[in-house]
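Beneath this line is the structure, given in structure tokens, with notes to follow.
In our numbering, the protein residues as written are 648 to 1095.
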């Protein structure tokens, strides 16, 4: 739509002809815009829809505005036709004709009933709004075009916004609902049902939310419209997909959960066999630790030996429950149980190995002392000092301690250390002190 020129002095024939040509173009543009609005798919949908909320309120005023637009346009058309008829009376318009044409083209020749203007809250020629008490209002063609531009822009904005929401959201909601239906069938087949599995409850909630969302979008599309900030163009903005996006993410989370359940169904037997093996190894390791503890208590004296716990009966019971879930195809229950059991079984095997290591530590110390004693004995023999009385005495004393039961590890360690010191003195090296630097031969080891 375009604007007319402001009022001025009496127009000459050329000015009149130019104004009529311009007004004819404006008339054609206005008519084209109004017809396009009349045929707009969004407007037809709004006319046939059962609207609620903000959309119902705005459509009531928009319908009145569109009706008023046509009223204004008809009045505008009448004045333009009258002006053309006046100009066509004679080839060279008289002074009286030009005065009449100037009044039509630059004055306030358009009269609209006040009741029609009040319907859409139209402003009067002097500002304010036309109310029920105003019998009629007068407009210049320029002011009338401005008013039609305003009403057209606001009407088109409302129609375009509603149509954009209807074009975008219902179709996407339907696609998501179809995916939801397929996911629900799959979930039901693996035992993921409301009240039995959190994912089943989520599916039920998503179903309710999408159904309600679609009803709201269809009846009140403008409630899901986000106008663009700083934009004055009709239809500037985009549909608000916040709720839709949230539910789409929730459905994706449910699908991942169901995929996990399906994965459990596919390799459940293999995972259960592996769990049985882990717990069996842990049980055997603990049994070995208990046997080793008895041996340590019998062979090693004056030492602390940790107590070995019993077999992992609680985990064995949970494993039996997992096997029951598998037999009865309760995959949704089996999935979290297997994940928990796998971590616990790994921890149990590690604990059993640590227990065996802690229990057998004294035996390891004794074996290390025996090895050290024999290594120094071999070293002494290579140097021809095997028959030295002091070395023989200290060696035999350390050997008796290490090969007797129960063995006092602290006393045996001191006896081995004294033997080492005697060897070092005879070989001309400084005695080795545990935890400190040793002599050259000590650093090279007894086998050098």
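Don't be surprised by glycine CBs; every beta carbon is placed ideally from N, CA and C.
Straight-line Cα distance separating residue j from residue i
| i | j | result |
| --- | --- | --- |
| residue 1009 | residue 1059 | 12 Å |
| residue 1016 | residue 1055 | 12 Å |
| residue 1001 | residue 967 | 26 Å |
| residue 978 | residue 842 | 15 Å |
| residue 864 | residue 693 | 12 Å |
| residue 790 | residue 723 | 11 Å |
| residue 800 | residue 896 | 37 Å |
| residue 656 | residue 787 | 15 Å |
| residue 918 | residue 1007 | 32 Å |
| residue 749 | residue 711 | 32 Å |
| residue 840 | residue 851 | 9 Å |
| residue 1026 | residue 1013 | 20 Å |
| residue 754 | residue 663 | 13 Å |
| residue 989 | residue 1064 | 47 Å |
| residue 752 | residue 687 | 32 Å |
| residue 942 | residue 997 | 22 Å |
| residue 1079 | residue 1070 | With a pLDDT of 44 at residue 1079, under the threshold of 50, the modelled position of this residue cannot be trusted, and the question is left open. |
| residue 658 | residue 726 | 17 Å |
| residue 672 | residue 821 | 45 Å |
| residue 690 | residue 678 | 17 Å |
| residue 882 | residue 706 | 15 Å |
| residue 973 | residue 916 | 8 Å |
| residue 792 | residue 757 | 11 Å |
| residue 827 | residue 961 | 39 Å |
| residue 809 | residue 697 | 13 Å |
| residue 894 | residue 853 | 6 Å |
Simplified DSSP state of residue i, which is helix, strand or coil
| i | result |
| --- | --- |
| residue 840 | coil |
| residue 786 | strand |
| residue 1035 | coil |
| residue 664 | helix |
| residue 659 | coil |
| residue 1092 | Confidence is the limiting factor: at residue 1092 the pLDDT is only 43, short of 50, which leaves the residue's position unreliable and the question unanswerable from this model. |
| residue 1075 | coil |
Proximity winner among the options, relative to residue i (alpha-carbon distances)
| i | options | result |
| --- | --- | --- |
| residue 1066 | 1034, 1023 and 1057 | 1023 |
| residue 844 | 861, 904, 818 and 881 | 904 |
| residue 708 | 1005, 798 and 1049 | 798 |
| residue 670 | 659, 710, 684 and 731 | 731 |
| residue 714 | 996, 795 and 812 | 795 |
| residue 884 | 873, 744 and 893 | 873 |
| residue 1073 | 1038, 1061, 926 and 810 | 1038 |
| residue 914 | 929, 784, 970 and 809 | 970 |
| residue 938 | 981, 753 and 1004 | 1004 |
| residue 699 | 658, 866 and 792 | 866 |
| residue 817 | 834, 847, 706 and 858 | 858 |
| residue 887 | 870, 881 and 894 | 870 |
| residue 831 | 792, 805 and 902 | 902 |
| residue 999 | 927, 1041 and 980 | 927 |
| residue 951 | 1057, 898, 849 and 981 | 1057 |
| residue 661 | 696, 734, 718 and 680 | 734 |
| residue 1170 | 1042, 828, 940 and 1019 | For residue 1170 there is no data in the structure shown, the boundaries of the chain being 648 and 1095. |
| residue 823 | 983, 965 and 899 | 899 |
| residue 963 | 976, 716 and 920 | 920 |
Local Cβ density within 10 Å of residue i, reported as buried at 16 or more and exposed below that
| i | result |
| --- | --- |
| residue 802 | buried |
| residue 746 | exposed |
| residue 987 | exposed |
| residue 868 | buried |
| residue 1029 | exposed |
| residue 924 | exposed |
| residue 682 | exposed |
| residue 1052 | exposed |
| residue 813 | buried |
| residue 736 | exposed |
| residue 992 | buried |
| residue 837 | buried |
| residue 807 | buried |
| residue 1146 | Residue 1146 lies beyond the stretch modelled for the chain, which goes from 648 to 1095, so this question has no answer here. |
| residue 956 | exposed |
| residue 685 | exposed |
| residue 1034 | exposed |
| residue 945 | exposed |
beta-carbon residue i near the ligand ATP non-hydrogen atom, thresh 7 Å
| i | result |
| --- | --- |
| residue 745 | In the structure shown, the ligand ATP is absent, as is every other ligand, since no ligand is present at all. |
Alpha helix (DSSP H) runs contained entirely in the stretch 680–766, provided each spans 4 or more residues: Counting whole runs of 4 or more residues, the stretch 680–766 contains the alpha helix (DSSP H) stretches 688–695, 700–734, 742–753 and 761–766.
Every unbroken beta strand (DSSP E) inside the stretch 863–928 [3 residues or more]: 872–874 and 884–886
4 or more residues per run - each alpha helix (DSSP H) lying fully within the stretch 942–1012: 960–974 and 978–1006
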